[in-house]
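Encoded as structure tokens, the structure appears first; notes follow it.
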Amino acid sequence: MRKKEYYKYGSLFVFIIVSALTFFVLKPFLGPIIISILIAYVSYPIFKLIHKYIKNRNIVSVLTILVIILTLVIPLLFIVTYLGREIPTLYVSTLSTIEKLELNYIDLEIQISEYFGFEVDIPKFISMITSKVLTIIQKFLTSIPEKFLHFTLTIFLLFFLLKDGEKFSKSVFNLLPFKKKYRDYLLQKVEGASKAIIYGQIITAFGQSIIATIGFLLLGIDPIVFGLLTFFACLIPYVGAPVIYIPISAYLLLQGLTTSNYVLVIKALGMFLYGLFVISLVDNFIKPTVLSSRTDIHIGFMVLGVIGGIIFFGIIGFILGPLILVLFFSLLTIYEDMKNPGII
510 MRKKEYYKYG SLFVFIIVSA LTFFVLKPFL GPIIISILIA YVSYPIFKLI
560 HKYIKNRNIV SVLTILVIIL TLVIPLLFIV TYLGREIPTL YVSTLSTIEK
610 LELNYIDLEI QISEYFGFEV DIPKFISMIT SKVLTIIQKF LTSIPEKFLH
660 FTLTIFLLFF LLKDGEKFSK SVFNLLPFKK KYRDYLLQKV EGASKAIIYG
710 QIITAFGQSI IATIGFLLLG IDPIVFGLLT FFACLIPYVG APVIYIPISA
760 YLLLQGLTTS NYVLVIKALG MFLYGLFVIS LVDNFIKPTV LSSRTDIHIG
810 FMVLGVIGGI IFFGIIGFIL GPLILVLFFS LLTIYEDMKN PGII
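Here you go:
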């Protein structure tokens, strides 16, 4: 009996140690792994649709990935083409604005002091902004190889998850030490949470981009391009709409102050306040509501799950945080059903 217990607990100990080591080995690639799993799950209906007509799963996986890439590339091509036309004009206009700031910064400092009631050091402000922009550009350029590696890994994993993911997920869930009804319950909850996270992010981004587009239209800013940019920005966790409306507000404010055009100043303030109190609030309302309604977890816990996940796991925590909470509450329900059958 003791020998059996030794083998039982010894093998469990070895499994825990190896699992922990595996986690640390895979931790640098946790982002691509989780993203590829979610993309595979969401795009699996496309895979099944193509698989009705083409039986080779390798070819179907490649075609599904091509459909996903084209869905993202076509809007991005439109945006890049537009920006390619507009950036030279914007560059010249920005240089002109900076030159005016440098030449007339004393008058401008007086205007800002009189208009807003506080003092500002224009040369120091320009130097600070330039330094920040250069730092951001440098970080972006140095991160390109890592981003390319993560993108390649995501596509690679996505191919195999589409091809063999269904078989793999069933094997994993069959290893869980629960009755079939509890395994099915856990699978149902994880699937529901995955759908809620993905669709919640898309619905939130769509809602924010629609509201932002209305604001851009009212303020005379190109609504289509900046609406699309807002949509893509809102799809990325920890980025969101502020990366669009704050630069627009700053640009309008500088243009208005250097040309003494206070209509532009009012537009800049209107854009900023509209973004802060209308566009951004949509994110705070829609996303937790969708997650809570699809997972039967109180909205307060869901908000804490998202924030805690991001703090602990980084940007990918917006996915892992809610998923871990769902698993935790699902396991509590299973334990309760074991004690008082009939809950599940």
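In terms of the working numbering, the sequence shown opens at residue 510 and continues consecutively.
Think of the CB as a built atom: it goes at the ideal place given N, C-alpha and C, for glycine as much as any other residue.
Item: Proximity winner among Leu521, Gly519, Ile852, Phe524, relative to Lys690 (alpha-carbon distances); Value: Ile852
Item: CB contact flag (Ile875, Ile795, <8 Å); Value: The first residue shown for the chain is 510 and the last is 853, placing residue 875 beyond what the model contains.
Item: Which listed residue (Gly765, Ile548, Val534, Gly818) has its alpha carbon closest to that of Ser703; Value: Ile548
Item: Straight-line Cα distance separating Leu670 from Cys743; Value: 26 Å
Item: Secondary structure of Tyr760, DSSP reduced to three states; Value: helix
Item: Lys776 in three-state terms, based on DSSP; Value: helix
Item: Cβ pair Ile543, Leu840 closer than 8 Å; Value: no
Item: Ile706 to Thr768 span [Cα, whole Å]; Value: 46 Å
Item: As assigned by DSSP and simplified to three states, the class of Ser718; Value: helix
Item: Buried or exposed (CB count within 10 angstroms, at least 16 for buried), Tyr754; Value: buried
Item: Per-residue burial, Arg566 [other beta carbons within 10 Å of its own, 16 or more giving buried]; Value: exposed
Item: Local conformation of Gly456 per DSSP, three classes; Value: Coverage of the chain is limited to positions 510 through 853, which leaves residue 456 absent and any answer about it impossible.
Item: Distance between Leu790 and Ile833 (C-alpha atoms, nearest Å); Value: 25 Å
Item: Three-pair Cβ contact test at 8 Å for the stretch 559-573 versus the stretch 670-685; Value: yes
Item: CB contact check: Leu834 to chain E, cutoff 8 Å; Value: In the displayed structure, chain E is absent; only one protein chain is listed.
Item: Beta-carbon proximity of Leu800 to Pro831, cut-off 8 Å; Value: yes
Item: Cβ contact (3+ pairs, closer than 8 Å) linking the stretch 820-827 and the stretch 527-546; Value: yes
Item: Status (buried if at least 16 other CB within 10 Å, exposed otherwise) for Pro797; Value: buried
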